[in-house]
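**Q** Please see the structure below; I have some questions.
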Amino acid sequence: MTAKYVILPCNGLDKEAGCLARELALKMAAATGSEIICPVLYQTAPSRYASLLREGSLVVIDGCATRCASRIAANNNLKIYRKITMTEEAKKRDYNPGPDWRVGAGAAAFVEDVWRSWQPVLREQEAGRAPGENAGLFAGPLEYAIHRHDKFIFRVPLEGFYFNENDCWVQVEGNRGRVGISDYLQQNLSDITFVTPPDPGTEVEQFGEMGTIESAKAVYELVSPVTGRVVAVNEAILEAPELINENPYEKGWITELELTNFEADREFLLDGRRYMEVLKEKVADFNAGK
1 MTAKYVILPC
11 NGLDKEAGCL
21 ARELALKMAA
31 ATGSEIICPV
41 LYQTAPSRYA
51 SLLREGSLVV
61 IDGCATRCAS
71 RIAANNNLKI
81 YRKITMTEEA
91 KKRDYNPGPD
101 WRVGAGAAAF
111 VEDVWRSWQP
121 VLREQEAGRA
131 PGENAGLFAG
141 PLEYAIHRHD
151 KFIFRVPLEG
161 FYFNENDCWV
171 QVEGNRGRVG
181 ISDYLQQNLS
191 DITFVTPPDP
201 GTEVEQFGEM
211 GTIESAKAVY
221 ELVSPVTGRV
231 VAVNEAILEA
241 PELINENPYE
251 KGWITELELT
261 NFEADREFLL
271 DGRRYMEVLK
281 EKVADFNAGK
């Protein structure tokens, strides 16, 4: 691999997950000739890294669910090319990071395996392919059904979208599926402030966890409507989570998956018209409980 990146790792060296993030950053930097940003130094002297960030693609490596590296990037409006979370990688491999800085016996093999799995994903850049290059594959909804209640207006696309009862949708084109949340859910969450999608390469099961969304009201665990492998993440929402509030079915999509068996998954999903009926019931139940 010859592409150069700018790597922002977790600084939580008091825990093994943070140490693993640092080890992966060192391995990646050595293999690609890339530069590592010191998170502490960046926050005190960001100008030191300004030219590097202009020239290279930013890879963020979080140690744990605190996501300190991602938050530094978000707080400084940095564009993230790829994001790796070591605790998520550990779950995939049944590796259990310890509670302190001591690195486990299998740490070196674990880091090597994570790096090996990410190399094909990072090669997309070397081949000249940007994340989300299939943007033109997914057309925006042509027609919305609308449900009004008091001052609220809820929209549901009538064609091409399928929903689970957890208010997540998939738009399918061939063997690809773009996934996001419904207008009803984004209004219930209110102002969305942070999104943590699954990393590219992650295998997702239908009705399994598919990342989280944070708002002033709650942290919401996304429930995948389909089974597949994550092939792209909407970078725009990492920088501007409010896009989900503004346009949840188009600009606010979250991930793109290579589908495993959509025909089997579809049996447990609702088309737009059926989901609208579920939405109406949810609105009525919510207001009846006031």
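Residue 44 in full-length UniProt numbering sits at position 44 of the sequence shown; the count goes up by one each step and never skips.
A virtual CB, placed ideally from N, CA and C, is assigned to each residue, including glycine.
What you are looking at is a predicted structure, and each value in this text was computed from that prediction instead of being measured.
1. Please classify T2: does DSSP put it in a helix, a strand, or coil?
2. Quick check: the Cα distance between V231 and M210, rounded to an integer number of angstroms?
3. Compare the Cα-Cα distances from Y220 to each of T202, E256, G33 and G180 and report the closest residue.
4. Please list the terminal residues of the continuous beta strand (DSSP E) segment that includes D62.
5. If we ignore side chains and look at the alpha-carbon of each, how far apart do E250 and D167 end up?
6. Would you call the CB atoms of I80 and I36 closer than 9 Å?
7. Rounded to whole angstroms, what is the Cα-Cα separation between R176 and A264?
8. Less than 9 Å separating the beta-carbons of V223 and G208?
9. Which term fits E133, buried or exposed, when burial requires 16 or more other beta carbons within 10 angstroms of its beta carbon?
10. In whole angstroms, what separates the C-alpha of A284 from that of R178?
11. How is the beta strand (DSSP E) around E242 delimited, first residue to last?
12. In chain order, what residues of the same chain lie with their CB nearer than 6 Å to the CB of C64, ignoring the 5 residues before and after it?
13. Just checking, does the segment 105-112 make contact with the segment 41-59 on the three C-beta pairs under 8 Å criterion?
14. Which class does P99 belong to by DSSP, given the choice of helix, strand or coil?
15. Can you give me the Cβ contacts of I72 inside the same chain, cut-off strictly under 7 Å, excluding the 5 residues immediately before and after it?
16. Buried or exposed for N287, please, with buried defined as at least 16 other CB atoms from any protein chain shown within 10 angstroms of its CB.
17. Identify every run of the alpha helix (DSSP H) within the UniProt domain "Lipoyl-binding" (176-258), keeping only runs that are complete inside it and at least 4 residues long; order them along the chain.
18. Our contact map puts Q119 next to F154 with C-beta atoms below 8 Å; I'd like the distance itself, whole angstroms only.
19. Nearest CA to the CA of K4: which residue from C19, A29 and E267?
20. Taking C-beta to C-beta, are Y162 and P225 nearer than 9 Å?
**A** The answer reads as follows:
1. Within the sequence shown, the letter at position 2 stands for residue 2. Its pLDDT being 45, under 50, T2 is placed unreliably in this model, and the coordinates cannot settle the point.
2. For the purposes of this step, residue 231 is taken as residue 231 along the sequence shown, with counting starting at 1. For the purposes of this step, residue 210 is taken as residue 210 along the sequence shown, with counting starting at 1. Rounded to the nearest angstrom, the two C-alpha atoms are 13 Å apart.
3. Numbered from its first residue, the sequence shown carries residue 220 at position 220. Considering only alpha carbons, the answer is G180.
4. Taking the sequence shown and counting its residues from 1, one reaches residue 62 at position 62. That run of the beta strand (DSSP E) goes S57 to D62.
5. The residue you call residue 250 lines up with position 250 of the sequence shown. The residue you call residue 167 lines up with position 167 of the sequence shown. Distance between the alpha carbons of E250 and D167: 15 Å.
6. If you number the sequence shown from 1, residue 80 lands on position 80. If you number the sequence shown from 1, residue 36 lands on position 36. No, Cβ-Cβ distance for I80 and I36 is not below 9 Å.
7. Against the sequence shown, residue 176 aligns to sequence position 176. Against the sequence shown, residue 264 aligns to sequence position 264. Roughly 15 Å separates the two Cα atoms.
8. Sequence index remark: in the sequence shown, residue 223 carries index 223 (1-based). Sequence index remark: in the sequence shown, residue 208 carries index 208 (1-based). Yes, Cβ-Cβ distance for V223 and G208 is below 9 Å.
9. Within the sequence shown, residue 133 is the residue found at index 133, counting from 1. The predicted model places E133 with a pLDDT of 49, which falls under 50 and marks its position as unreliable, so this point remains unresolved.
10. Sequence index remark: in the sequence shown, residue 284 carries index 284 (1-based). Sequence index remark: in the sequence shown, residue 178 carries index 178 (1-based). So the alpha carbons of these two residues sit roughly 29 Å apart.
11. If you number the sequence shown from 1, residue 242 lands on position 242. Where E242 is concerned, there is no enclosing beta strand (DSSP E), although the alpha helix (DSSP H) around it starts and stops at E242 to E246.
12. Taking the first residue of the sequence shown as 1, we reach residue 64 at position 64. The residues are A17 and T87.
13. no
14. Start at 1 with the first residue of the sequence shown, and residue 99 comes out as number 99. Correct three-state label for P99: coil.
15. As a first step, residue 72 is located in the sequence shown; it is residue number 72 there, counting from the start. Close CB contacts of I72 within its chain, under the 7 Å cut and outside five residues either way in sequence, are with L8, P39, Y42 and Q43 (chain order).
16. By one-based count along the sequence shown, residue 287 stands at place 287. Around the beta-carbon of N287, fewer than 16 other beta-carbon atoms lie within 10 Å, marking it exposed.
17. Runs of the alpha helix (DSSP H) inside the UniProt domain "Lipoyl-binding" (176-258): 183-189, 235-239 and 242-246.
18. Taking the sequence shown and counting its residues from 1, one reaches residue 119 at position 119. Taking the sequence shown and counting its residues from 1, one reaches residue 154 at position 154. Not confirmed; about 43 Å, so no contact.
19. The sequence position of residue 4 within the sequence shown is 4, counting from 1. The shortest Cα separation from K4 among C19, A29 and E267 belongs to A29.
20. The residue labelled residue 162 in the question sits at position 162 within the sequence shown. The residue labelled residue 225 in the question sits at position 225 within the sequence shown. The answer is yes: Cβ separation under 9 Å.
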